[in-house]
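Here is the structure we will look at.
There are 2 protein chains.
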Amino acid sequence: MEQRISLITLGVADLSRSRTFYEDGLGFVRSNAHEEVAFYQLAGFVLALWSRSALAADAGLPDGDGRGFGGFALAHNVTSPTEVDAVLSQAEHAGARILKPGTPTAWGGYSGYFADPDEHLWEVAHNPSWVLHPDGRTTVS
Amino acid sequence: MEQRISLITLGVADLSRSRTFYEDGLGFVRSNAHEEVAFYQLAGFVLALWSRSALAADAGLPDGDGRGFGGFALAHNVTSPTEVDAVLSQAEHAGARILKPGTPTAWGGYSGYFADPDEHLWEVAHNPSWVLHPDGRTTVS
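Going line by line, the protein sequences match chains F and Y. For the record, in the first sequence the residue sitting at position 1 is 15 according to this note's numbering, with numbers rising by one throughout. For the record, in the second sequence the residue sitting at position 70 is 84 according to this note's numbering, with numbers rising by one throughout.
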């Protein structure tokens, strides 16, 4: 596993409200045009706003009491499904709890989730339409 | 406010346990030697592990029931205390809740906190010993 975070996802209750806050309020410029998620290209990585309940469901966690799910996830992108499985295995051996094994995704990729010792979520993902640069930066295609 | 995240802080219950997980388990290499916090230089930004209770206290939030504090914070670093105040003011006008106004810090900088609409924490900070590059990357000095 390389020393890289590719994406920070903030789980949000109301995407429209959050987009207004970040775009109109703080001046962030969107990098995509999907209805259900907003991506913001940063210097070498990506900030995402996505439904908090959808994120919890995607990771197989309840979104009830605020325990066991902190409302966010970090993402570590890799170059193949095989590498997703290898990193998940490495994380499990390091003491992580596997929340979701490597699984084909609705968006044409492959990903799984693990929880670190404090239940912080990491998604390990192969997204064939994003670019992983040799220097570790991840960019939206 | 530029489209930048400089630091991701994960609040942890046991720093030693978390360092073992990230360093021994996942192979991350530390970029600092402070006892109370671990920094990991990523491609253009920094991951930090720090006491969850200390982070909550620094932002003026209770760390009790998991509501109102998600166990993490994003950081937006800027080049002066004046700019910290300006960004906090902009965030407040955008609808953020100011948790802590710009305040001199114990580490020789100046910072404040705001909560976005979902109570995600943003620290706005001037850290004179870190480097903000023209391309938006932040590096540990």
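Every residue gets a Cβ at the ideal spot worked out from N, C-alpha and C, and that includes glycine.
Margin query: Using the three-state DSSP reduction, which class does Gly122/Y fall into: helix, strand or coil?
Written below: Position 108 of the second sequence, counted from the start, is the residue given in the question as residue 122/Y. Note: Gly122/Y maps to coil in three-state DSSP.
Next item on the list: Inspect the CB distances between the region 130–149 of chain Y and the region 88–98 of chain Y and report whether three or more fall short of 8 Å.
Entry: yes
Checklist line | Neighbour flag for Ala52/F against chain Y, beta carbons, 8 Å | finding: As a working note, residue 52/F is residue 38 in the first sequence. Closer than 8 Å: no.
Next item on the list: Return yes when the Cβ of Arg44/F is within less than 8 Å of the Cβ of Ala57/F, no when it is not.
Entry: If you number the first sequence from 1, residue 57/F lands on position 43. If you number the first sequence from 1, residue 44/F lands on position 30. Contact: no.
Next item on the list: In angstroms with no decimal places, state the Cα-to-Cα distance between Ser67/F and Gly25/F.
Entry: Indexing the first sequence from 1 puts residue 67/F at position 53. Indexing the first sequence from 1 puts residue 25/F at position 11. Cα to Cα, the separation comes out at about 7 Å.
Notebook entry, point to check: When the Cα atoms are used, what is the spatial distance from Asn46/F to Ser30/Y?
Noted result: Position 32 of the first sequence, counted from the first residue, corresponds to residue 46/F. Position 16 of the second sequence, counted from the first residue, corresponds to residue 30/Y. Using only the alpha carbons, I get a separation of about 39 Å.
Checklist line | Exposure of Val92/Y, with buried meaning 16 or more beta-carbon neighbours within 10 Å | finding: Counted from its first residue, the second sequence places residue 92/Y at position 78. Buried.
Check: Which residues in chain F sit within 8 Å of Ser32/Y, going by Cβ to Cβ distance?
Finding: In the second sequence, the residue the question calls residue 32/Y occupies position 18. Chain F residues near Ser32/Y: Asp130, Pro131 and Asp132.
Notebook entry, point to check: For Val43/Y, which residues does DSSP report across the bridge?
Noted result: Here residue 43/Y refers to the residue found at position 29 when the second sequence is read from its first residue. Residue pairing from DSSP leaves Val43/Y without any beta-bridge partner.
Notebook entry, point to check: So, helix, strand or coil for Val92/F, using DSSP?
Noted result: Mapped onto the first sequence, residue 92/F falls at position 78. It is coil, neither helix nor strand.
Item checked: Contact residues within the region 105–126 of chain Y, judged by C-beta distance below 8 Å to chain F -> Correct list: Ala105, His107, Ala108, Gly109 and Ala110.
Note to self: For Leu146/F, which residues in the same chain have their Cβ closer than 7 Å to its Cβ, ignoring the five residues on either side in sequence?
What the structure shows: In the first sequence, residue 146/F corresponds to position 132, counting from 1. Within the same chain, Leu146/F has close Cβ partners Asn91, Thr93 and Thr152.
Notebook entry, point to check: At least one CB of chain F closer than 8 Å to the CB of Leu102/Y: is that the case?
Noted result: Residue mapping note: residue 102/Y aligns to position 88 of the second sequence, counting from 1. So, not an interface residue.
Item checked: Extent of the continuous alpha helix (DSSP H) to which Ala71/F belongs -> The residue given as residue 71/F occupies position 57 in the first sequence. Where Ala71/F is concerned, the enclosing alpha helix (DSSP H) stretches over Arg66 to Asp72.
Next item on the list: For chain F, find out if any of its Cβ atoms is closer than 8 Å to the Cβ of Arg66/Y; answer yes or no.
Entry: Along the second sequence, one-based indexing puts residue 66/Y at 52. Arg66/Y counts as touching chain F.
Note to self: For the alpha helix (DSSP H) containing Leu56/Y, name the first residue and the last one.
What the structure shows: Numbered from its first residue, the second sequence carries residue 56/Y at position 42. Segment: none, Leu56/Y is in no alpha helix (DSSP H) and carries neither H nor E.
Check: If you run the structure through DSSP and keep just helix, strand and coil, what is Arg151/F?
Finding: One-based indexing of the first sequence puts residue 151/F at position 137. In the structure shown, Arg151/F sits in coil (DSSP, three-state: anything other than H, G, I, E or B).
Item checked: Classification of Ala129/F by the beta-carbon crowding that lies within 10 angstroms, buried from 16 upward -> In the first sequence, the residue the question calls residue 129/F occupies position 115. When all chains shown are included, Ala129/F counts as buried.
Check: For a contact meaning CB atoms closer than 8 Å, what does Val145/F contact in chain Y?
Finding: If you number the first sequence from 1, residue 145/F lands on position 131. Per Cβ cutoff of 8 Å: no residues; Val145/F is ~13 Å from chain Y at best.
Margin query: List, in chain order, every chain F residue whose beta-carbon is nearer than 7 Å to that of Ala57/Y.
Written below: Residue 57/Y sits at position 43 when you count from the first residue of the second sequence. Chain F residues near Ala57/Y: Arg18, Gly58, Asp149, Gly150 and Arg151.
Next item on the list: Output, in chain order, the set of chain Y residues within a Cβ distance shorter than 8 Å of Val43/F.
Entry: Along the first sequence, read from residue 1 onward, the residue named residue 43/F stands at position 29. Per Cβ cutoff of 8 Å: Gln17.
Margin query: In whole angstroms, give me the CA-to-CA distance for Leu21/Y and Ala120/F.
Written below: The count along the second sequence starts at 1 and reaches residue 21/Y at position 7. The count along the first sequence starts at 1 and reaches residue 120/F at position 106. About 30 Å.
Next item on the list: Out of Pro76/Y, Gly150/Y, Trp144/Y and Gly39/Y, state which residue places its alpha-carbon closest to the alpha-carbon of Ala105/F.
Entry: Start at 1 with the first residue of the first sequence, and residue 105/F comes out as number 91. Ranking the options by Cα distance to Ala105/F, first place goes to Gly39/Y.
Check: Roughly how many angstroms lie between the CA atoms of Ser103/F and Gly126/F, to the nearest whole one?
Finding: Working through the first sequence from its first residue, we reach residue 103/F at position 89. Working through the first sequence from its first residue, we reach residue 126/F at position 112. Their Cα atoms are separated by approximately 11 Å.
Item checked: Asp149/F versus Tyr36/F - alpha carbon distance -> Locating residue 149/F in the first sequence gives position 135, counting from the first residue. Locating residue 36/F in the first sequence gives position 22, counting from the first residue. In a straight line, the C-alpha of Asp149/F is about 28 Å away from that of Tyr36/F.
Note to self: Please state whether the Cβ-Cβ distance between Phe42/F and Gln55/Y is less than 8 Å.
What the structure shows: Numbered from its first residue, the first sequence carries residue 42/F at position 28. Numbered from its first residue, the second sequence carries residue 55/Y at position 41. Cβ distance not < 8 Å, so Phe42/F and Gln55/Y don't count as in contact.
Item checked: Between the CA atoms of Gly123/Y and Gly122/F - distance to the nearest angstrom -> Within the first sequence, numbered from 1, the residue matching residue 122/F stands at position 108. Within the second sequence, numbered from 1, the residue matching residue 123/Y stands at position 109. Straight-line Cα distance between these residues: approximately 44 Å.
Check: Using the beta-carbon count (16 or more within 10 Å), is Ser32/Y buried or exposed?
Finding: Counting from 1 along the second sequence, the entry for residue 32/Y is found at position 18. Buried is the call here.
Checklist line | Partners in chain Y for Ala139/F, counting only beta-carbon separations shorter than 8 Å | finding: Taking the first residue of the first sequence as 1, we reach residue 139/F at position 125. None at all; the shortest Cβ gap to chain Y is about 16 Å.
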